[in-house]
Amino acid sequence: MQFSYLLSAFLATLAIASPVANPNQDYDVGLTTRTTEDTAEYKAAVAAHGGLTKDKYYYFTLEWPLGQPVGDGDKESNDELKELQQKLGFEHIGVVVGKVTETDSGKGKNKKTKRDFKATLYHMTKKNVNPGDTEFKSPNYKANSGQNLKWGGESSSKKADAGKKAGKDYVDDNKIYKVDGNNCNDFANAVLKAVK
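Sequential numbering of the sequence shown, starting at 9, is according to our numbering.
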């Protein structure tokens, strides 16, 4: 009998303490949806390696497929390009190093998240035909449908800076382009050592 009395008292207390819906109050029962926008650079990085994490640095190589012009002021002759293509199997190579970012904007139902891969492309080109001076290039990375990133690994801000320095130092130490021994692939390997 005492148990039923205690149970009744407990349930009565619980009922009094519970919030009761007010029929005269408007409640927003709409679903909140978050929109996510991925930049072309983020999509390219994720295509090369899924599972990238916000605020982390990563590095990739970027190969220009055979037949695609290098651009960016490159002055390699057709003979040099053919010889390099036979040796390496691609037109040109660079190293891409950057950070995954996520930026939120808007509030409530209008909240949006923008995911990006803010990165720099380090590569070396031939500045002139004669004598064949090398030139260090470090533009912001822009995804290109004809070029695919190849996964390298995790990096850091400090290593990204070291990669830029390694690229500049490489060009300072190797001023004249040579298909054998001082080409874009040799340059990329020097930068990769610094960003790993």
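All residues carry an ideal CB built from backbone N, CA and C; glycine is no exception. None of the values given here were measured: they were computed from a predicted structure.
| Buried versus exposed, by CB contacts within 10 Å (16 or more), Asn191 | Indexing the sequence shown from 1 puts residue 191 at position 183. Buried, since its Cβ has 16 or more Cβ neighbours within 10 Å.
| task | Tell me whether the beta-carbon of Glu49 lies closer than 9 Å to the beta-carbon of Lys126. | result | One-based indexing of the sequence shown puts residue 49 at position 41. One-based indexing of the sequence shown puts residue 126 at position 118. Yes, Cβ-Cβ distance for Glu49 and Lys126 is below 9 Å.
| At which residue ranges does the region 54 to 134 contain complete alpha helix (DSSP H) runs of 4 or more residues, listed in the order of the chain? | 86 to 96
| task | Would you mind stating whether Glu99 and Leu74 have Cβ atoms separated by less than 9 Å? | result | Taking the first residue of the sequence shown as 1, we reach residue 99 at position 91. Taking the first residue of the sequence shown as 1, we reach residue 74 at position 66. Yes, these two residues count as a Cβ contact at 9 Å.
| message | Quick check for students: name the residue ranges of the beta strand (DSSP E) that lie wholly in the region 134 to 179, counting only runs of 3 or more. | response | 142 to 145 and 156 to 163
| task | Just mark Ile184 as buried or exposed, buried being the case when its beta carbon has 16 or more other beta carbons within 10 Å. | result | For the purposes of this step, residue 184 is taken as the residue at position 176 of the sequence shown. That one is exposed.
| task | Pull up the DSSP beta-bridge partners for Asp46, would you. | result | By 1-based counting over the sequence shown, the position of residue 46 is 38. According to DSSP, Asp46 bridges with Arg123.
| message | On the criterion of 16 or more Cβ atoms from any shown chain inside 10 Å, does Thr61 qualify as buried, or is it exposed? | response | Locating residue 61 in the sequence shown gives position 53, where the first residue counts as 1. So Thr61 ends up on the exposed side.
| field | Beta-carbon proximity check, Val105 vs Tyr66, cutoff 9 Å | value | Locating residue 105 in the sequence shown gives position 97, where the first residue counts as 1. Locating residue 66 in the sequence shown gives position 58, where the first residue counts as 1. In contact: Val105 and Tyr66 (Cβ atoms closer than 9 Å).
| query | Which residues in the same chain as Asp141 place their Cβ atom closer than 7 Å to its Cβ, once the five residues preceding and following it in sequence are excluded? | reply | Indexing the sequence shown from 1 puts residue 141 at position 133. So the qualifying residues of the chain are Lys135, Lys183 and Ile184.
| query | From Asn138, Ala170 and Lys120, pick the residue whose C-alpha is nearest to that of Tyr130; which is it? | reply | Here the question's residue 130 lines up with position 122 in the sequence shown. Among Asn138, Ala170 and Lys120, the Cα nearest to that of Tyr130 is on Ala170.
| task | Compute the Euclidean distance between the alpha carbons of Asn118 and Thr111, then round it to the nearest angstrom. | result | Looking up residue 118 in the sequence shown gives position 110. Looking up residue 111 in the sequence shown gives position 103. Rounded to whole angstroms, Asn118 to Thr111 spans 14 Å at the Cα level.
| Cβ separation of Tyr149 and Thr133, assumed to be a contact under 8 Å, to the nearest whole Å | Locating residue 149 in the sequence shown gives position 141, counting from the first residue. Locating residue 133 in the sequence shown gives position 125, counting from the first residue. Between Thr133 and Tyr149 the Cβ distance is about 16 Å, and since that is not below 8 Å, they are no contact.
| request: Return yes when the Cβ of Thr43 is within less than 9 Å of the Cβ of Thr121, no when it is not. | output: In the sequence shown, residue 121 corresponds to position 113, counting from 1. In the sequence shown, residue 43 corresponds to position 35, counting from 1. Yes.
| said: So, with DSSP's three-state summary, where would you put Lys51? | reply: Counting from one through the sequence shown, the residue named residue 51 turns up at place 43. The answer is helix: DSSP assigns Lys51 an H, G or I state.
| request: Please report how far the alpha carbon of Glu84 lies from the alpha carbon of Pro77, in whole angstroms. | output: What you label residue 84 is simply residue 76 of the sequence shown in a count that begins at 1. What you label residue 77 is simply residue 69 of the sequence shown in a count that begins at 1. Distance between the alpha carbons of Glu84 and Pro77 is about 10 Å.
| said: Bridge partners for Asn190 per DSSP, in chain order? | reply: Here residue 190 corresponds to residue number 182 of the sequence shown, with the count starting at 1. Beta-bridge pairing links Asn190 to Lys186.
| If Lys158 sits next to Ala56, beta carbons under 8 Å apart, how far is it from one beta carbon to the other, in whole angstroms? | Walking along the sequence shown from the start, residue 158 turns up at place 150. Walking along the sequence shown from the start, residue 56 turns up at place 48. Confirmed, Cβ separation roughly 6 Å.
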